[in-house]
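Novice: Using the working numbering, read the sequence shown as starting at 3 and increasing by one per residue.
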Amino acid sequence: MTKIVYFDCVGGVAGDMLLAALVDAGAPLEAIRSGLPPVEGIDVRVDRVKRGGVDASLLGVTCPPQHVHR
């Protein structure tokens, strides 16, 4: 069975919110991780949260600290 999703992004879309919505729709997090470029030290995680009485997924990306070059 083919699954198709259509995004009507007239006003744009936030990447973290889009990826969290895909996880909520059933996309495996590992499939999303494998589609991202390999960057050492980057971690992508999804947490379940409740905001304003609504259950949702919150996708976060963490990376190692970097010092600022001047």
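The C-beta atom is built at its ideal place from N, Cα and C for all residues, glycine as well.
Between Leu-61 and Val-41, which are expected to be in contact by the criterion C-beta below 8 Å, what is the C-beta distance as a whole number of angstroms?
Specialist: Locating residue 61 in the sequence shown gives position 59, where the first residue counts as 1. Locating residue 41 in the sequence shown gives position 39, where the first residue counts as 1. Leu-61 to Val-41, Cβ: 16 Å. No contact.
Novice: Quickly, what does DSSP pair Gly-14 with across the bridge? List them, please.
Specialist: In the sequence shown, residue 14 corresponds to position 12, counting from 1. In DSSP, Gly-14 forms no bridge with anything.
Novice: Kindly list the residues whose CB is nearer than 8 Å to the CB of Val-25, restricted to its own chain and excluding five residues on each side of it in sequence; keep chain order.
Specialist: Stepping through the sequence shown from its first residue, residue 25 is reached at position 23. Cβ within range, chain order: Leu-31, Ile-34, Val-48, Ser-59, Leu-61.
Novice: Checking the sheet assignment: what are the DSSP bridge partners for Val-63?
Specialist: Position 61 of the sequence shown, counted from the first residue, corresponds to residue 63. Paired residue(s): Val-46.
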